[in-house]
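Here numbering that gives the first Met the number 0 is used: position 240 in the sequence shown is 239, and no number is missing along the way.
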Amino acid sequence: MRLRQIEIFRAIMLTGTVSEAARLLHVSQPVVTRVLQHAEASLGFRLFERVRGRLQATPEATALYGDVERLYGEIERVRRVSESLRHKGAGRLRVAATPSLAGPLLVPAVRGFCARYPDTQVQVLTHHTDEIVDALLANQIDLGFAFSPPRHEAITCEPVAAGHMLLAVPRDQPLPAGGRRHVVPMRKLMERPFVGYDDNSSLGLLVRQTLARHALEPRSTLEVQTYSLALALVEAGLGMALLDQYTALSASPGRVSLHAVQPGLPFEIQLLRASHRAASSLVDDMREQFAQAAAALAATLPERLEAPVASFDATTAATARGRD
């Protein structure tokens, strides 16, 4: 189908009559009828049947309509961007982040970006890391943010923020005091409900490998694929979880206490873009806004951390107990 045929087909689907479709598109009824006939002839099947004065979509038309709406949305997006470029010299930026980074970091980054570029069209998406890579390679987005993504020869990565994993605990299920050293062994907490991860992301693997390296088997009856969902379960009192500090810092202080972990479990947040496309000034500015959002949230960490520290190191915890 040609674009004009798609436009006519969509208008009839929306209005149900040739006359209303013509009025919607500001053309004559004969034009609508003629284009519709050409579309049906080229497709080889009927799109509409006349029922009591209205056009009723055939099953074939109904099956086609979903794809037409998606295509029309992309056409409208191109039109808006072209109008923006023609009248204001602005452009478009398509950015994605993993679900756990979207709320605490991408939203404030977009807010700062839009304040600087109010006329730029910004498409904001949430994807898992492998979906971000696929979207970059397909030129569906301009940049993405993810935790320590796997290396890819066609993807350029650069660090924009860093942090550590924290232990998030339901406020009504406090950790033991930890003695004068304010250190509690992680092994002592393994009988508590624990929210685990069943994804293959870098942080999910980090948590599972750390637990396995210290021969720790938490009582885990809940498994999730995103850190934001893990936090929601902690806030609901369903268990504790190891979270990246940015997700953890978005927790409600009244429902969740945050505790440092020894030894530290560091991570990086990377900006991803396609290697074969040069970074624009808009990409550079979004990177800066994201880094500023991460720095601002990280600055609140000291006031949110509480005692005790959770220690994977049995020797450190035992020493702390011996000095009590």
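Here a beta-carbon is modelled for each residue, glycine too, at the ideal position from N, C-alpha and C. Computed from a predicted structure; not experimentally measured.
Item to check | Neighbourhood of L215 by C-beta distance below 7 Å, restricted to the same chain and skipping five residues each side | outcome: M185, R186 and M189
Next on the checklist: Is the separation between the beta-carbon of I11 and that of F47 shorter than 8 Å?
Outcome noted: yes
Item to check | Residues that L242 bridges to, as DSSP identifies them | outcome: L165
Checklist entry - Do you know offhand how far E157's Cα is from A62's? => result 43 Å
Checklist entry - Looking at C-alpha atoms only, which residue of Q244, E6, Q208 and P169 is the closest neighbour of E75? => result E6
Item to check | Extent of the continuous beta strand (DSSP E) run through V123 | outcome: Q120 to T125
Checklist entry - How would you label S274, buried or exposed, when you count the other beta carbons within 10 angstroms and need 16 or more for buried? => result exposed
Next on the checklist: Does G195 come out as helix, strand or coil in the three-state DSSP assignment?
Outcome noted: strand
Next on the checklist: Please list the terminal residues of the continuous alpha helix (DSSP H) segment that includes R1.
Outcome noted: Per DSSP, R1 belongs to no alpha helix (DSSP H) and is neither H nor E.
Checklist entry - Which one of G143, G90, V132 and N138 has the shortest CA to CA distance from A108? => result G143
Checklist entry - Between S249 and P103, which are expected to be in contact by the criterion C-beta below 8 Å, what is the C-beta distance as a whole number of angstroms? => result 4 Å
Next on the checklist: If you reduce the DSSP assignment to three classes, tell me which class H151 lands in.
Outcome noted: coil
Item to check | Outcome for T246 when other beta-carbon atoms lying within 10 angstroms are tallied against a minimum of 16 | outcome: buried
Item to check | Reduced DSSP category for T225 - H, G, I as helix; E, B as strand; rest coil | outcome: coil
Item to check | CA-to-CA distance, M164 to F8, given in whole angstroms | outcome: 53 Å
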